[in-house]
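One structure is given here, and the rest of the page talks about it.
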Amino acid sequence: MDTSEKADPWSPENYKIHAHFVPKLVKHDLITLLSPRSHERILDLGCGDGMLTRQIQEMCKECIGIDKSQHMIEEAKLNECKDVRVVDCEKLTEWVNNQGFVGYFDSVFSNAALHWMKNQEAVIEGIAKCLKPGGKLVAELGGSGNVQIVEKSLISALDKRGYNGKELSPWYFPSPEDYTQILNKYKFSVNYISHFSRPTELPTTIGGWVETFGFSFLAPLEDNEKEIVKGEVEEMSRDEVFNNETDKWILNYKMMFFKEFKQIILDLLIPIILILSLYVLKFYYDYFTRSISYPGPLPLPILGNLHQYFYYRNDLQVWLHHLSLKYGDVFELYFGSSRYLMISDSRIVERIMSSVKDNNYFVRITTRDGLDDLKKGHSGILFNVDFNSWSCIKKIFMRAVAAPNALRFGMNLINIGFQDLEKFWNSLIEEQGQFLCDEQEKSIEIDFIPWARRIFAETIMLITTNRHPHLLSTYYERITNKNPQKNLDEEFFDRLSIASDCVQYYLMVPPFIRNFPILNIYKNYLYENMTWTRNYTCNLVKERLEEIKSNDDKEKLSTDMLSMLLTANKSKDITRDTPNDNNEKSMTHEEIGDNIAEILIEGVDSPSNTLSFVLYYIGNDPDIEQRVLNEIDKIFGHRSDFNITYEDLSKLEYIEAVIKEVLRVRPVTATITRFAAHSDQIDEYVIPPSTHLSVNILSLHVHPNYWEEPMKFDPTRFLARSDNEKEVYDKNALVYFGGGLRMCPGKQFAMTLLKMMIVLLYSKYKFEVITKDPLAQNSINTQYCY
Numbered sequence: 001m002d003t004s005e006k007a008d009p010w011s012p013e014n015y016k017i018h019a020h021f022v023p024k025l026v027k028h029d030l031i032t033l034l035s036p037r038s039h040e041r042i043l044d045l046g047c048g049d050g051m052l053t054r055q056i057q058e059m060c061k062e063c064i065g066i067d068k069s070q071h072m073i074e075e076a077k078l079n080e081c082k083d084v085r086v087v088d089c090e091k092l093t094e095w096v097n098n099q100g101f102v103g104y105f106d107s108v109f110s111n112a113a114l115h116w117m118k119n120q121e122a123v124i125e126g127i128a129k130c131l132k133p134g135g136k137l138v139a140e141l142g143g144s145g146n147v148q149i150v151e152k153s154l155i156s157a158l159d160k161r162g163y164n165g166k167e168l169s170p171w172y173f174p175s176p177e178d179y180t181q182i183l184n185k186y187k188f189s190v191n192y193i194s195h196f197s198r199p200t201e202l203p204t205t206i207g208g209w210v211e212t213f214g215f216s217f218l219a220p221l222e223d224n225e226k227e228i229v230k231g232e233v234e235e236m237s238r239d240e241v242f243n244n245e246t247d248k249w250i251l252n253y254k255m256m257f258f259k260e261f262k263q264i265i266l267d268l269l270i271p272i273i274l275i276l277s278l279y280v281l282k283f284y285y286d287y288f289t290r291s292i293s294y295p296g297p298l299p300l301p302i303l304g305n306l307h308q309y310f311y312y313r314n315d316l317q318v319w320l321h322h323l324s325l326k327y328g329d330v331f332e333l334y335f336g337s338s339r340y341l342m343i344s345d346s347r348i349v350e351r352i353m354s355s356v357k358d359n360n361y362f363v364r365i366t367t368r369d370g371l372d373d374l375k376k377g378h379s380g381i382l383f384n385v386d387f388n389s390w391s392c393i394k395k396i397f398m399r400a401v402a403a404p405n406a407l408r409f410g411m412n413l414i415n416i417g418f419q420d421l422e423k424f425w426n427s428l429i430e431e432q433g434q435f436l437c438d439e440q441e442k443s444i445e446i447d448f449i450p451w452a453r454r455i456f457a458e459t460i461m462l463i464t465t466n467r468h469p470h471l472l473s474t475y476y477e478r479i480t481n482k483n484p485q486k487n488l489d490e491e492f493f494d495r496l497s498i499a500s501d502c503v504q505y506y507l508m509v510p511p512f513i514r515n516f517p518i519l520n521i522y523k524n525y526l527y528e529n530m531t532w533t534r535n536y537t538c539n540l541v542k543e544r545l546e547e548i549k550s551n552d553d554k555e556k557l558s559t560d561m562l563s564m565l566l567t568a569n570k571s572k573d574i575t576r577d578t579p580n581d582n583n584e585k586s587m588t589h590e591e592i593g594d595n596i597a598e599i600l601i602e603g604v605d606s607p608s609n610t611l612s613f614v615l616y617y618i619g620n621d622p623d624i625e626q627r628v629l630n631e632i633d634k635i636f637g638h639r640s641d642f643n644i645t646y647e648d649l650s651k652l653e654y655i656e657a658v659i660k661e662v663l664r665v666r667p668v669t670a671t672i673t674r675f676a677a678h679s680d681q682i683d684e685y686v687i688p689p690s691t692h693l694s695v696n697i698l699s700l701h702v703h704p705n706y707w708e709e710p711m712k713f714d715p716t717r718f719l720a721r722s723d724n725e726k727e728v729y730d731k732n733a734l735v736y737f738g739g740g741l742r743m744c745p746g747k748q749f750a751m752t753l754l755k756m757m758i759v760l761l762y763s764k765y766k767f768e769v770i771t772k773d774p775l776a777q778n779s780i781n782t783q784y785c786y
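Read in order, the letters of the sequence shown are residues 1 to 786 in the UniProt record's numbering.
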């Protein structure tokens, strides 16, 4: 007898001839239950010739096939399996320890192999050791009654020759109950188990099947006696196994098909529950015994009040105003473990909005609150905690949008954009407009917000980058089905809103929650969008840098913000009077791109939402509308082709009052946040150190202590009572552009463009608001203010 057969009785050649049906018998449900995923690591136990291993390897990150037979592993390699190894599965624990595979695999898969391993407890122990907590075992093996007729025939033939046939049997065919006991012993939770019959037509004869799978019965016999035994087995089983009609041998397989989950060990679970319980107790002990307390809704451990924040997120201002009415002008909210004091008392606002350079409230949000993870906090204007860096960028920004020339340039861009808007609207009216009642001119219903966003986006993009994105024309072509595809610039502006959400999410949600499995899907979605917008702005920066390098004359360089950021403190510095006195290092392309993105976010959403609500409130009050039209006629006359100058816009006192009143009742952001670096006391209020203070803007803007009839829309409250008197109201109770040192540097720019758009719109068109109830309309608020 060949000694190699004793060492490894498996024959790939015999397997191909007599047993090639085995991989084909795998139920589709077995692979479905396994559900291999692209990130998973899977162990195929008893992989055989690797036909199924290769299939699984194509579906997951890593799949290792193991088998005791050297011959079958060599066959698996010929079948193009990537990683297959010779391993005695009854010594699986030893192999797992030696290879460093403890808790390594997400799943273990086994098909028609486990019943070849008599020491099942050793096998299951090894499987439990190599699986991650919560990992799964999906397997199919022979169950009780499997190939029973052939097995009895083999045992009888061997017993007759003086051998112990049962001891020679290599198989372990358990009942579901017996196998469940073994699995439970090693902390597996039985999720699904099935015991069923599968009559299977053999490709050759029972003798061929015995030669392939019954080799342990034949091992003690001489070659000639093996043939005799195979013949006897065929004769003994013929009546029940042979089908005379088809002239085929049909073997009745009794299979067991199951899916189990590895339980988290109870010894580990108890300490986790204990630690969580102690954390909850400590959280509420610290909460109820805090030295400085303010009223507010009860926070939850880990979450704080985040659950309420996300529930009311689409109506955040109304929620905060409701809490203010319930808890007063100063109340607490917790976002994760971070404590926020929500403020609607103008005395506190005056202090935290100080214009003093070294004030206690310069920082808006600490970098640890998610900014570091987004590579923000030390650049830009919105969140920069470094005063010198922030100051330098603010000077550049002021030159780009606040200087008189910049204001006039912005007005010119708005005028050009409006001409395009007028052209597209007139085309829509001509193509889709209808005559209503007895009117002599056509009317059309439009969604104003998308148009407003695009005209402001084009203006801000040209101001900041000197690049025209052509958003109005592409939007017109898309809604008229002339070109339904979005271009790259439109996608960028759409993604900017998601990037804004990303920053807000990182600021509000603790790392533990946003990185928690399943919950991190949303975080990844937001971060991928942030990365996309960063790549876009970085490409803008690189393109402009190449233009600057190729231009030797700095006088010919455009004076947009992007060029100024790139050339500041360099040989081609076009900022001229804005040198960096602190000799700071140059910003990276990513930091410059983030600056541009910040300006675009704030410069697009805020004015477009405000303009929409200006039209809304004017359209809901005929008296206000008439006063607006009268003021336009007074300043510009009745001509439709008048030129608008900055000096003319400065005379529009009533229109400016309308804008201010809209910003009072419909602020563009829910809160403005400052961080108390040190403890402070403002009148009766004690401010603990390292506390965030958020101005509850809507509650402040409609507070009865600061406004007469606060819920009434009345622009006249911002008009002087007489020629020698200015408008009278508490300046600290109106913070629509922020305040103090970090007041929005684009305040004058935004107000100028808003007034110009109102003049242009009402000199060309008549507007009718479809929804008459102001409370039915929610503003689309950005979350930041300076």
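Just so you know, even glycine gets a beta-carbon here, dropped at the ideal spot from N, CA and C.
Being a predicted model, the structure only gives us computed values, none of them experimental.
Going by C-alpha to C-alpha distance, which of M743, G740 and F188 sits closest to I127?
Along the sequence shown, one-based indexing puts residue 127 at 127. Closest by alpha carbon: F188.
What did DSSP end up calling E227 once you bin it into helix, strand or coil?
Position 227 of the sequence shown, counted from the start, is the residue given in the question as residue 227. Three-state DSSP puts E227 in a helix.
Among R347, G370, K226 and E598, whose alpha-carbon lies nearest the alpha-carbon of residue 794?
One cannot answer for residue 794 here, as it falls past the ends of the chain, which runs 1 to 786.
Kindly indicate which three-state DSSP category T578 falls into: helix, strand or coil?
Along the sequence shown, read from residue 1 onward, the residue named residue 578 stands at position 578. For T578, the predicted structure reports a pLDDT of 47, less than 50, and the residue's modelled location is therefore unreliable. The matter cannot be settled from this model.
Do you know how far the Cα of M256 is from the Cα of F196?
For the purposes of this step, residue 196 is identified with residue 196 of the sequence shown, where counting begins at 1. For the purposes of this step, residue 256 is identified with residue 256 of the sequence shown, where counting begins at 1. Cα to Cα, F196 sits roughly 7 Å from M256.
Confirm the yes/no value for this check: CB of L320, any heavy atom of the ligand NAD, distance under 7 Å.
Inclusion of the ligand NAD in the displayed structure is not the case, the ligand content being empty and no account of it being possible.
Residue range of the unbroken alpha helix (DSSP H) whose run includes L306
Translated into the one-based positions of the sequence shown, residue 306 becomes position 306. L306 to Y311 is the extent of the alpha helix (DSSP H) around L306.
How far does the beta strand (DSSP E) with D680 in it reach, from first residue to last?
Locating residue 680 in the sequence shown gives position 680, counting from the first residue. D680 -> beta strand (DSSP E) spans D680 to I682.
So is R290 buried or exposed if we call it buried at 16+ other beta carbons inside 10 Å?
Within the sequence shown, the letter at position 290 stands for residue 290. The residue in question, R290, is exposed, as its Cβ has fewer than 16 Cβ neighbours within 10 Å.
Segment limits, alpha helix (DSSP H) that includes R534:
Here residue 534 refers to the residue found at position 534 when the sequence shown is read from its first residue. Looking at the DSSP string, the run of the alpha helix (DSSP H) that includes R534 is N520 to K549.
Along the chain, which unbroken stretches of the beta strand (DSSP E) at least 3 residues long are found entirely within the segment 160–220?
188–201
Do Y706 and D730 have their beta-carbon atoms positioned less than 8 Å apart in this structure?
Looking up residue 730 in the sequence shown gives position 730. Looking up residue 706 in the sequence shown gives position 706. The answer is yes: Cβ separation under 8 Å.
Among Q317, E222, Y285 and L114, nearest to R666 - alpha-carbon criterion
The residue given as residue 666 occupies position 666 in the sequence shown. Selected option, being the one with the closest Cα: Q317.
Anyone know if the C-beta pair for G165 and L154 falls short of 8 Å?
Numbered from its first residue, the sequence shown carries residue 165 at position 165. Numbered from its first residue, the sequence shown carries residue 154 at position 154. Between G165 and L154, the gap from beta carbon to beta carbon is short of 8 Å.
Just the Cα atoms here: how many angstroms apart are M508 and G336?
If you number the sequence shown from 1, residue 508 lands on position 508. If you number the sequence shown from 1, residue 336 lands on position 336. Rounded to the nearest whole angstrom, the C-alpha separation of M508 and G336 is 7 Å.
Entirely within the segment 65–132 and at least 3 residues each: give me those beta strand (DSSP E) ranges in chain order.
84–86 and 105–111
Mind checking who M255 pairs with in its DSSP beta bridge?
The residue given as residue 255 occupies position 255 in the sequence shown. Bridge partners of M255: G142 and F196.
Tell me, to the nearest whole angstrom, how far the beta carbon of V330 is from that of F675; I am working on the premise that it is less than 8 Å.
As a first step, residue 330 must be located in the sequence shown, where it is residue number 330. As a first step, residue 675 must be located in the sequence shown, where it is residue number 675. Rounded, the Cβ-Cβ distance is 16 Å, inconsistent with contact.
Could you tell me whether the Cβ atoms of M342 and S354 are closer together than 8 Å?
Translated into the one-based positions of the sequence shown, residue 342 becomes position 342. Translated into the one-based positions of the sequence shown, residue 354 becomes position 354. Their beta carbons are not under 8 Å apart, which means M342 does not touch S354 by this criterion.
Where the beta strand (DSSP E) through R41 begins and ends
As a first step, residue 41 is located in the sequence shown; it is residue number 41 there, counting from the start. Counted as a single uninterrupted DSSP element, the beta strand (DSSP E) harbouring R41 occupies residues R41 to L45.
Outcome for K357 when other beta-carbon atoms lying within 10 angstroms are tallied against a minimum of 16
Reading the sequence shown from its first residue, position 357 is the one you call residue 357. Exposed.
Could you say which of K755, A402, V280 and H692 lies nearest to A677 if we only look at CA atoms?
Walking along the sequence shown from the start, residue 677 turns up at place 677. Looking at the Cα atoms, H692 is the closest of the given residues.
Alpha-carbon to alpha-carbon, A733 and D345
Here residue 345 corresponds to residue number 345 of the sequence shown, with the count starting at 1. Here residue 733 corresponds to residue number 733 of the sequence shown, with the count starting at 1. Rounded to the nearest whole angstrom, the C-alpha separation of D345 and A733 is 8 Å.
Burial state of F105, where buried means 16 or more other Cβ atoms lie within 10 Å
Within the sequence shown, numbered from 1, the residue matching residue 105 stands at position 105. Buried: at least 16 other Cβ atoms inside 10 Å.
Can you tell me which residues form a DSSP beta bridge with E332?
Counting from 1 along the sequence shown, the entry for residue 332 is found at position 332. Checking the DSSP bridge columns, you'll see E332 partnered with L341.
Beta-carbon separation (whole angstroms), K61 vs R85, contact threshold 8 Å
Within the sequence shown, residue 61 is the residue found at index 61, counting from 1. Within the sequence shown, residue 85 is the residue found at index 85, counting from 1. That pair is no contact at about 17 Å.
Per DSSP, Y736 forms a beta bridge with which residues?
Sequence index remark: in the sequence shown, residue 736 carries index 736 (1-based). Note: Y736 sits in a beta bridge opposite G738.
Who does L300 pair with in a DSSP beta bridge?
On the sequence shown, residue 300 is found 300 positions in, with the first residue counted as 1. Answer is G304.
Report, in whole angstroms, the separation of the C-beta atoms of L615 and F448, which I expect to be a contact under 8 Å.
As a first step, residue 615 must be located in the sequence shown, where it is residue number 615. As a first step, residue 448 must be located in the sequence shown, where it is residue number 448. Correct: roughly 6 Å between the Cβ atoms.
Count the other C-beta atoms from every protein chain shown that fall within 10 angstroms of the C-beta of T531, then say buried if there are 16 or more, exposed otherwise.
Sequence index remark: in the sequence shown, residue 531 carries index 531 (1-based). That one is exposed.
As a quick exercise: from I455, N388, Y527 and R37, pick the residue whose alpha carbon is nearest that of N412.
As a first step, residue 412 is located in the sequence shown; it is residue number 412 there, counting from the start. Per the Cα distances, I455.
Have a look at A113, K282 and Q626 and flag the residue whose alpha-carbon is nearest the alpha-carbon of C89.
In the sequence shown, residue 89 corresponds to position 89, counting from 1. Comparing Cα-Cα distances from C89 to each of A113, K282 and Q626, the minimum goes to A113.
Hey, out of I124, Q148, G740 and E591, whose CA is closest to S379's CA?
The sequence position of residue 379 within the sequence shown is 379, counting from 1. Comparing Cα-Cα distances from S379 to each of I124, Q148, G740 and E591, the minimum goes to E591.
Count the other CB atoms, across all protein chains shown, that sit within 10 Å of the CB of L33; report buried if there are 16 or more and exposed otherwise.
Position 33 of the sequence shown holds residue 33. By the 10 Å Cβ count, L33 comes out buried.
Pair every Cβ in the segment 744–761 with every Cβ in the segment 601–614, then say whether three or more of these pairs are closer than 8 Å.
yes
For N583, I'd like the list of residues in its chain whose CB is within less than 6 Å of its CB, leaving aside the five on either flank, ordered along the chain.
Walking along the sequence shown from the start, residue 583 turns up at place 583. Here N583 scores only 49 on pLDDT, less than 50, and its place in the model should not be relied on; the value that follows carries that caveat. If we look at N583 and ignore the five residues flanking it on each side, it has no Cβ neighbours.
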